Amino acid sequence: MSIESLDPRVTRLHIEAEAEQEQKPQLDQLETYEVFHQQKEGKAFTYAGPVHGANEEIAFLFGKEQYSRRAACTGMWIVKTQRVFVTPYVDDNTSFYDTLKELTVTPEDAEQTYELFHLKKRGKAHVHAGTVTARSYEHALQIAKETLNTPPVVNVWVVASQDVLREEQEKDIWLTTPEKKYREATAYRVQDKIDRFKAERQAQ
Amino acid sequence: MQDLAIKDLLYKLADDQLILGHRNSEWTGMGPMLEEDIAFSSMAQDKLGHSLAFYTLLHELGEGEPDTVAFMRNADQFHNCQLTELPIGEYDFSLIRHFLFDNAESLRFESLSQSSHEGIARIATKLKGEVKYHVLHGNTMVKQLGSATEESITRMQEALDYALPFALGIFEPSKYEQELIDAGIYVGEAAIQKEWENRISAVLAKTSLKLPDFSTITPVYGGRYGQHTEHLQPLLDEMAEVFKLDPTAEW
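From first to last, the protein sequence lines are chains Z and S.
End of the first sequence sits at 209 in this note's numbering; the numbers just go up one at a time, nothing left out.
End of the second sequence sits at 1420 in this note's numbering; the numbers just go up one at a time, nothing left out.
Encoded structure:
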């Protein structure tokens, strides 16, 4: 039995399906962290992507290199993936909050603040929508429904504020990023030189 | 006379960055994990950028073109400390070197941003944020690996013990030390070294690594005066291999 994939290029390779792979020992794997970046002072923090890391400080170092080596950046938030509470998805142009069932009992846990990230459209990134004070993730959603519900909201991530590592103080570590054009393929304009070289060749 | 002192300082700064930048770039594509590979390569690239900034300033002061200066000199004309030219070894050594060197470099840039020499102050002010991040990277990695597992602690300790005499060579005094201090251009190596010892001691205190008494270590000097290990010339030959095929080529 070779592997059938949704990607025809994979199917064409006729790769034999292997026997179940042995699971790696748990400690051999690094945890994942989610990275949010702020591209301009005052703008909302936006999801950039995940990184591996041994702890959140290392995740920040890697996040900085993966997600702010090209675009301008003024701050970064790091959250352990496991600490992100994810709601179900709803259809485009609707709001998750409208499907949220009312909590019948207010939880007894201590109050703390939660950060809410909204996805406005599939394929886009989650954007920080606001902060609420609540007693649980579900409770935070309940409160956000009253204060932050501006449809469409196809998905929501909820993170306890204390689980966010905020790197916003040392602005100067990003100061020179916009000047690093040499990291972009578009910075290398060679067509003129190629044309000139060809012309010289032809003239000979 | 002050002109010579300033050039000596600039060559020292630029050569350190060029040689270590080149060394660290040897990890590109071979780093211990993808994210770290990218991070280390990125910092190596920053260092080459720093050397370019100082070579450009040297050029404004009458020295050769940056490319010529970088690619056409022989080892005995380089002013980098020997720490920067040592082979990359295993990743433990490269990380320890990065930690020891960048902590010193960060202090240099902070101090030079207050320099009475306007050109130097401008470059140092602009680039010190990059070096600050390099230090953050070095410190974070050393804290993690210096207290993780028995193997990581042993390896980091061995790398540290090997690197320290070379690291003290960063602070080899130049002929013009007092002149630069008197003119307010540079605070001087002794002052930087003292603060450097405090900073790295503070980081290492948070790990299981042992830092020997600095007074018991004999610094490896010579680099600032053109005396180098056998590793520098092969590095220069390789770095300039393409450039030397046609030094007048337009890139």
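We treat Cβ as the ideally placed atom computed from N, Cα and C, and that holds for glycine.
All of these numbers come straight from a predicted model, not from anything done at the bench.
Backbone secondary structure at residue i - three-state DSSP
i: Lys1216/S; result: helix
i: Trp1196/S; result: coil
i: Asn160/Z; result: strand
i: Gly128/Z; result: coil
i: Ser1285/S; result: coil
i: Gln117/Z; result: strand
i: Ser1210/S; result: helix
i: Thr104/Z; result: helix
i: Glu21/Z; result: strand
i: Ala204/Z; result: helix
i: Ser7/Z; result: strand
i: His1248/S; result: coil
i: Val1238/S; result: helix
i: Asn1367/S; result: helix
i: Ser1275/S; result: helix
i: Ile1257/S; result: coil
i: Phe1351/S; result: Note that residue 1351/S is Asp in the sequence shown here, rather than Phe. Three-state DSSP puts Asp1351/S in a helix.
i: Ala145/Z; result: helix
i: Pro30/Z; result: coil
i: Lys150/Z; result: helix
i: Leu1203/S; result: helix
i: Pro183/Z; result: helix
i: Leu1378/S; result: coil
i: Gln209/Z; result: coil
i: Ala1418/S; result: coil
i: Leu1230/S; result: coil
i: Gly1357/S; result: coil
i: Arg1291/S; result: helix
i: Phe1223/S; result: helix
i: Ala192/Z; result: helix
i: Lys69/Z; result: helix
i: Gly1190/S; result: helix
i: Lys176/Z; result: helix
i: Thr99/Z; result: coil
i: Glu46/Z; result: coil
i: Asp12/Z; result: coil
i: Lys1176/S; result: helix
DSSP bridge partner residues for residue i (one or two, in chain order)
i: Ile83/Z; result: Val40/Z, Leu170/Z
i: Ser1280/S; result: Paired residue(s): none; Ser1280/S is not in a bridge.
i: Pro55/Z; result: Glu39/Z
i: Val91/Z; result: Trp162/Z
i: His133/Z; result: Phe122/Z
i: Thr111/Z; result: Answer is none; Thr111/Z lacks a bridge partner.
i: Thr138/Z; result: Thr118/Z
Partners in chain Z for residue i, counting only beta-carbon separations shorter than 8 angstroms
i: Lys1295/S; result: Leu180, Thr181
Residue i: CB within 7 angstroms of a non-hydrogen atom of the ligand GTP
i: Leu124/Z; result: In terms of ligand content, the structure shown is empty, and the ligand GTP therefore cannot be addressed.
Where residue i meets chain S, residues with beta-carbon distance less than 8 angstroms
i: Gln71/Z; result: Glu1204, Ile1207
i: Arg74/Z; result: Ile1207, Ser1211
Amino acids of chain S, ordered along the chain, whose beta-carbon sits closer than 9 angstroms to that of residue i
i: Leu66/Z; result: Glu1204, Glu1205, Ala1208, Tyr1302, Leu1305, His1306, Thr1309, Met1310
i: His57/Z; result: Met1202, Leu1203, Glu1204
Partner residues on chain S for residue i, Cβ-Cβ distance less than 7 angstroms
i: Ile63/Z; result: Thr1309, Gln1313
i: Asn60/Z; result: Gln1313
Chain-ordered chain Z contacts of residue i [CB-CB under 7 angstroms]
i: Gly1190/S; result: None at all; the shortest Cβ gap to chain Z is about 14 angstroms.
Contacts of residue i in chain Z (Cβ-Cβ under 9 angstroms)
i: Glu1138/S; result: Outside the shown range of chain S (1170 to 1420) lies residue 1138/S, about which nothing can therefore be said.
Three or more C-beta pairs below 8 angstroms linking the region 151-164 of chain Z and the region 176-183 of chain Z: No, the region 151-164 of chain Z does not touch the region 176-183 of chain Z.
Runs of alpha helix (DSSP H) lying entirely within the region 1297-1342 of chain S, each at least 4 residues, in chain order: Qualifying alpha helix (DSSP H) stretches, in chain order: 1319-1337.
Touch test, the region 1221-1228 of chain S against the region 1171-1184 of chain S, Cβ-Cβ under 8 angstroms, three pairs minimum: Pairwise C-beta distances place the region 1221-1228 of chain S in contact with the region 1171-1184 of chain S, as three or more of them are shorter than 8 angstroms.
Every unbroken alpha helix (DSSP H) inside the region 1387-1411 of chain S [4 residues or more]: Look at the region 1387-1411 of chain S and you find these whole runs of alpha helix (DSSP H), each 4 residues long or longer: 1401-1408.
The region 1258-1276 of chain S / the region 1324-1332 of chain S touching (three or more Cβ pairs under 8 angstroms): When Cβ pairs closer than 8 angstroms are counted between the two stretches, the region 1258-1276 of chain S is seen to touch the region 1324-1332 of chain S, the count reaching three or more.
Stretch-stretch touch, CB-based, cutoff 8 angstroms, three pairs: the region 63-76 of chain Z with the region 1189-1207 of chain S: Yes, the region 63-76 of chain Z is in contact with the region 1189-1207 of chain S.
Touching by the beta-carbon criterion (3+ pairs, under 8 angstroms), the region 1370-1388 of chain S and the region 1284-1291 of chain S: In short, these stretches do not touch, since the Cβ pair count stays below three.
The region 29-45 of chain Z / the region 8-20 of chain Z touching (three or more Cβ pairs under 8 angstroms): Touching, no.
Contact between the region 1340-1356 of chain S and the region 1297-1304 of chain S (3+ Cβ pairs under 8 angstroms): Three or more beta-carbon pairs separated by less than 8 angstroms are not found between the region 1340-1356 of chain S and the region 1297-1304 of chain S, which leaves the two stretches without contact.
Meets three-Cβ-pair contact criterion under 8 angstroms: the region 1310-1329 of chain S and the region 1399-1415 of chain S: Segments in contact, no.
Any 3 or more C-beta pairs closer than 8 angstroms across the region 106-119 of chain Z and the region 132-141 of chain Z: Output reads yes: the region 132-141 of chain Z touches the region 106-119 of chain Z.
Cβ pair count under 8 angstroms reaching 3, the region 1383-1397 of chain S against the region 1244-1258 of chain S: In short, these stretches touch, since the Cβ pair count reaches three.
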